[in-house]
Amino acid sequence: MTNEDKEVAISSETIELLNRRRSIRKFSEKPVSNAHLDALLGAAMRAPTSSNIQAYSVIVIRDKKILAEVYPIVNNQEHVLNAPVFLCFCADLTRMEKAIIARGGSMDENPLEIGLVSSIDASLVGMSAYLTAESLGMSGVMIGAVRNDPSEMARILKLPNKVYVVFGMVLGWPAEAPKQKPRMDPGTTVHYDLYGNQKDERSLVEKLESYDVELANHYTSINKVTTPDSWTNDISKKFANPSRKELRAQLKMRGFDWL
Ligand SMILES: Cc1cc2nc3c(=O)[nH]c(=O)nc-3n(C[C@H](O)[C@H](O)[C@H](O)COP(=O)(O)O)c2cc1C
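This is the structure we're talking about:
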């Protein structure tokens with residue numbers, strides 16, 4: 011064993027912040043100031059962006075009437091209705107389209123790549139905003155359920171064509187301290203040089219079985235109904251059947267013809 015291989019406790023403020031984070035869905039009455047929002051969004055937009063395209067827009071929603079309209083789209087998630095602030099992270103092709111069309115070109119040549127990079131760009135800004143908020147003592151939860159109905163989200167938020175909401179984010183000052191949900195071990199999710207070279211040499215079936223047990227124990231400890239095959243059962247129930255059947259057609263209508 012070399013010195014490098016010896017276990018050394020490496021830490022930093024960012025590592026500590028990530029290691030203690032979990033989604034928060036209950037918030038205190040303390041308002042989120044515009045100064046906090048400006049600071050966290052300004053920092054978030056330093057996120058890397060593919061070819062410097064910056065193919066995203068963020069919509070900051072405080073208007074309770076708008077949240078009431080979004081509420082049914084997200085299957086009545088109370089934390090969205092009561093959000094101190096709700097951010098919508100959008101893939102936005104309007105600025106690049108303007109540049110390309112002004113030079114006689116067309117965006118239609120690269121629909122897959124452009125659809126992907128704009129969605130990745132929006133996600134990187136969103137995660138950066140989330141972490142910056144955490145660094146300020148705020149917290150929240152991402153909301154993918156806005157993709158239940160991209161057309162309705164577009165109507166409510168007056169989105170032009172070539173813009174869709176990739177995900178939303180509830181942010182505020184936390185008023186709950188839930189237990190952290192366990193993650194799969196890096197021995198399951200990290201590979202060295204070649205796929206399959208992993209620190210944990212057990213079979214995938216064995217690894218999933220132990221994660222199922224770990225997650226089931228977690229859910230039991232917080233009085234949440236679960237099954238012994240917790241993760242594999244949840245994932246099969248959720249993704250083995252068609253979900254968001256209209257998503258492809260609706261994104262195509264918005265100008266994201268990339269699937
Ligand atoms: C893109 C994305 C969409 C999500 N959508 C929702 C959502 O609609 N509602 C919700 O309550 N949580 C949502 N979550 C939160 C996840 O359920 C949560 O991150 C996951 O269960 C792990 O729990 P943790 O964040 O507490 O560690 C979403 C997370 C991500 C990354």
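Read in the working numbering, the sequence shown has 213 at position 203, and its numbers run on one by one without any break. Using N, Cα and C, we set each Cβ at its ideal position, and we do this for glycine too.
- Assignment of VAL180 by DSSP, reduced to helix, strand and coil, places it in the strand class.
- According to DSSP, TYR174 shares a beta bridge with ALA101.
- Residue pairing for ILE69: DSSP places it in a beta bridge opposite CYS98.
- A straight-line Cα-Cα distance of about 8 Å links ILE71 and LEU77.
- For ALA187, the CB stays at least 7 Å from every heavy atom of ligand 1.
- One alpha carbon belongs to GLN208, the other to VAL215, and they sit about 14 Å apart.
- Straight-line measurement puts the Cα of MET137 at about 12 Å from the Cα of ARG56.
- Nearest to SER145 by alpha-carbon distance, out of TRP183, LYS255, ASP118, ILE124, is TRP183.
- Within 10 angstroms of the beta-carbon of ILE153 lie 16 or more other beta-carbons, which makes it buried.
- Counting along the chain, the unbroken alpha helix (DSSP H) around GLY125 starts and ends at 121-145.
- The residue among LYS75, THR236, GLU211, MET117 with its C-alpha nearest the C-alpha of VAL90 is LYS75.
- Taken through DSSP and simplified to helix, strand or coil, VAL223 comes out as helix.
- Distance from the Cα of GLU224 is smallest, within the candidate group MET179, ASP195, ASN158, for ASP195.
- Proximity of the stretch 119-134 to the stretch 93-101 meets the contact definition, three or more beta-carbon pairs being nearer than 8 Å.
- Sorting LEU103, GLU88, TRP241 by C-alpha distance to the C-alpha of TYR174 places LEU103 at the top.
- When DSSP states are grouped into helix, strand and coil, SER61 belongs to the helix group.
- Between ligand 1 and the CB of ALA155, the shortest heavy atom gap is smaller than 7 Å.
- Remark: the C-beta of PHE266 is outside contact range of ligand 1, defined as less than 7 Å to any heavy atom.
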